[in-house]
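> This is the structure I want to talk about, given as structure tokens.
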Amino acid sequence: MHSSLLHASPRLRAGMVGGMEKTLLGLVAAGALICCVPSASAASGKQFVLQVLQDKNTLVDVGAPGVGVGDYYVYANVLGRDGRAVGTDGSSCLVTAVDQGKVTTSCVLSVKLPEGQLTAQSLWSTGEGVVEMAVTGGTGAYRGASGTLTCRDVLTPAETYLVELDGR
2 MHSSLLHASP RLRAGMVGGM EKTLLGLVAA GALICCVPSA SAASGKQFVL
52 QVLQDKNTLV DVGAPGVGVG DYYVYANVLG RDGRAVGTDG SSCLVTAVDQ
102 GKVTTSCVLS VKLPEGQLTA QSLWSTGEGV VEMAVTGGTG AYRGASGTLT
152 CRDVLTPAET YLVELDGR
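Printed below as a string of structure tokens:
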């Protein structure tokens, strides 16, 4: 079980469906890691890898106990490069469907960096091995940004995200 869940309320722990807690809890953390682009031209055809240095998350169970439609996961992360903090993020994933243990969520992510902010979103279901989010825009150096954010090794010490921004 993810270390942040060890300190979670019994309702949070009981509300998880099978092994999906690792995947759902990491989804936005994954998307959240769009940080660390070093230059003002960062939104123009750049590719970079980020690390989750600190992962904070919780399930907001709004209905009957257990994961159900309308519940949501909320995330706040410290993001890094080479083990050094370089930004923060915040995100939420709304549960839109639960069918035979498969949970589908709609996730929105905001990343705050020194150069500006990036946003991303994705529709994602448990059991999918790779989480790929669409970069939907940004501010500052990231104004007009588009591309993808792919997360790997979700909720492990090796968790990383590959951000690929389209050229303009």
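Quick note on our numbering: the sequence shown kicks off at 2 and runs consecutively.
Beta carbons: idealized from backbone N, C-alpha and C, even for Gly.
Using CA atoms only, rank isn't needed, just tell me which of G141, V136, D154 is closest to Q48.
Residue V136 is the option with its Cα nearest to Q48.
> With a threshold of 6 Å on Cβ separation, who are the neighbours of R153 within its own chain once the five nearest residues in sequence on each side are excluded?
Answer for R153: T161, listed in chain order.
> Within a Cβ cutoff of 6 Å, which residues of the same chain sit near D167, ignoring the five residues on either side of it in sequence?
Taken in chain order, the residues that qualify are S147, G148.
> Confirm, please, whether the CB-CB distance from Q118 to T140 is below 8 Å.
Yes. Within cutoff.
> Output needed for G91: all residues of its chain with C-beta closer than 6 Å, excluding positions within five of it in sequence on either side, in chain order.
Excluding positions up to five away in sequence, the list reads A77, S111.
> Where A142 and V50 are concerned, what is the direct C-alpha to C-alpha distance, given to the nearest angstrom?
One C-alpha to the other measures close to 18 Å.
> Does DSSP classify A9 as helix, strand or coil?
With a pLDDT of 40 at A9, under the threshold of 50, the modelled position of that residue is not reliable, and no figure is offered here.
> With a threshold of 8 Å on Cβ separation, who are the neighbours of V99 within its own chain once the five nearest residues in sequence on each side are excluded?
Contacts found: V18, V68, G69, V70, T105.
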